[in-house]
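Since the structure comes first, as structure tokens, the remarks are kept for the end.
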Amino acid sequence: MERPKVTPAALVVVASAVGVFVVLFFLNPYSQGYMFERVPIWSSMMEGYRRRDAEWGFGYFVFPVVLILLWVSRERYRGVMIKPAATGLVIIVIALFLYYGGYKANQKFIGYASGQLLVAGLIIWFGGWNLFRRAFWLWVL
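Structure follows, in structure tokens:
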């Protein structure tokens, strides 16, 4: 099975998508939550991880665990046909509207949901539905 050829234009699109994700979730002041000023979603998540009641304390481990599980189950993805799907763009647009709505309503949990949808949209847009179906269990984590 032949892999799709990576073109410079495709790299620019991927870099742009990653850049937008970084700006929206790591740099853009999003919601106040229990703070005195708006902070990025990432800062809000970190604050939740450090709280005294430690309800979300496991959050630090989610991303490394997903990476480890992806590595351990890499054989599962070896034969997946990469077929980008334009429906991923629709999901991305919905995620961005959800992000904006949460921003205006000052609701950080809507921002978290938009992040999940944005990641799903990016996977579907660049990798296709077959890849997303195989990686669904990791996306849910």
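Residue numbering for the sequence shown is 2 to 142, as defined by the working numbering. Ideal placement from N, C-alpha and C gives every residue a C-beta, glycine not left out. Remember, it's a predicted structure, so these values are computed and weren't measured experimentally.
Lys109 classed as buried or exposed, judged by whether at least 16 other C-beta atoms fall within 10 angstroms: buried
Let me know if Leu25 comes out buried or exposed under the rule of 16 or more other beta-carbons within 10 Å of its beta-carbon. buried
Ser32 and Ser163 - do their beta-carbons sit closer together than 8 Å? No statement about residue 163 is possible, as the shown extent of the chain runs from 2 to 142 and does not include it.
Within a Cβ cutoff of 7 Å, which residues of the same chain sit near Trp126, ignoring the five residues on either side of it in sequence? Pro85, Ala86, Gly89, Leu90 and Ile93
Count the other CB atoms, across all protein chains shown, that sit within 10 Å of the CB of Phe133; report buried if there are 16 or more and exposed otherwise. buried
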